[in-house]
Amino acid sequence: MMKLIGNSAYGKCLTNFEMHETVKILSETAYNKNIRRNNYKSHEDLIEGYEFHLRKSSFKQCLPIQVGFAVYQLAKLRMLQFYYDFIDYYIDRSNFEYCEMDTDSAYIAFSSDGFEDLVKPDLKQSFQQNKHKWFGRDDTDENRLHDKRTPGLFKLEYQGDGIIALASKMYFCFGDKDKMSSKGISQKQNELTKMNYLAALNGDSYQTFINTGFRVKDNQMNTYMLTKCGMKIFNDKRLREGFKTLPTTL
């Protein structure tokens with residue numbers, strides 16, 4: 341698994357202040373006045389008074405939105421450059437296959453334990469000369485510390501024996517140490533194994549899982565139990581047989 345460095349600014353810089361609320365605890369005398377406000381959203385009855393949720397009538401946009409959009413777009417561009425200008429250029433397509441790619445990470449299957457062993461013989465010198473443009477240097481402590489936080493470089497975050505990639509944020513990597521992602525399914529409350537992902541890969545999309553939690557309603561704390569069919573087996577970016585993805589011919 342290759343991870344792109346320097347993508348963390350994206351989420352914070354694009355915080356949507358329009359979703360923020362003002363919460364007020366008000367007495368019965370202020371009820372009629374506040375329920376008629378044009379920014380009224382909802383309210384809840386309390387033992388003494390009411391809890392009003394009001395939309396922000398105004399807010400100060402204090403975050404650099406342009407930075408967030410730039411980081412997001414450049415991250416996508418960098419991921420495509422990593423594939424076409426580095427992996428696909430230096431390694432023959434018979435020796436690797438892209439399993440999954442996100443905004444800042446790529447899951448790649450190689451035919452060797454170390455991908456550097458797969459570099460085309462006539463490009464080995466060029467690979468060594470240009471490797472620092474893609475991966476952080478580790479020849480000296482100074483270079484290692486300098487490149488550790490350099491935006492646009494990649495690092496090897498995980499290495500294993502295989503991956504079952506069902507869809508975005510729904511995968512299971514296995515090896516000396518397992519790594520999994522199960523969007524919408526709590527890993528603490530459900531025992532997810534390699535067999536669950538294999539069954540989904542082979543067409544079993546009717547596996548059910550249970551998520552439990554707490555919610556406040558009518559001034560009371562309640563527990564809830566939600567049963568979900570969480571194993572997503574459809575990926576619109578793959579071929580119909582569900583296993584392969586063809587590269588874009590640009």
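Oh and the sequence shown: position 149 is 489 in the numbering used here, straight run, nothing missing. Glycine is no exception: its CB is placed at the ideal position from the N, C-alpha and C atoms. Since the structure is predicted, the reported quantities are computational estimates derived from the model, not experimental observations.
Q: In the DSSP assignment, find the unbroken alpha helix (DSSP H) run with GLU599 in it and report its ends.
A: The chain is shown only over 341 to 590; residue 599 falls outside these bounds and no answer can be derived.
Q. Taking contact to mean at least 3 C-beta pairs separated by less than 8 Å, is the segment 364-372 in contact with the segment 404-420?
A. no
Q: Classify GLY408 as helix, strand or coil using the three-state DSSP reduction.
A: helix
Q) So, is SER522 buried or exposed, given that buried needs 16 or more other C-beta atoms within 10 angstroms? A) buried
Q. Would you call the CB atoms of CYS513 and ILE503 closer than 8 Å?
A. yes
Q) Based on the DSSP secondary-structure assignment, which residues constitute the bridge partners of ASP385? A) TYR390
Q. Nearest-angstrom Cα distance between TYR537 and GLU437?
A. Distance between the alpha carbons of TYR537 and GLU437 is about 19 Å.
Q. Whose C-beta lies closer than 7 Å to the C-beta of ASP457 among residues of the same chain, with five residues either side of it excluded?
A. None.
Q | Buried or exposed (CB count within 10 angstroms, at least 16 for buried), ILE431 | A | Label assigned to ILE431: buried.
Q: Check the C-beta distance from CYS439 over to PRO404 and give it rounded, since I have them as a contact under 8 Å.
A: Rounded, the Cβ-Cβ distance is 35 Å, inconsistent with contact.
Q. For THR567 versus THR552, is the C-beta distance shorter than 8 Å?
A. Between THR567 and THR552, the C-beta gap is not smaller than 8 Å, which leaves the two residues out of contact.
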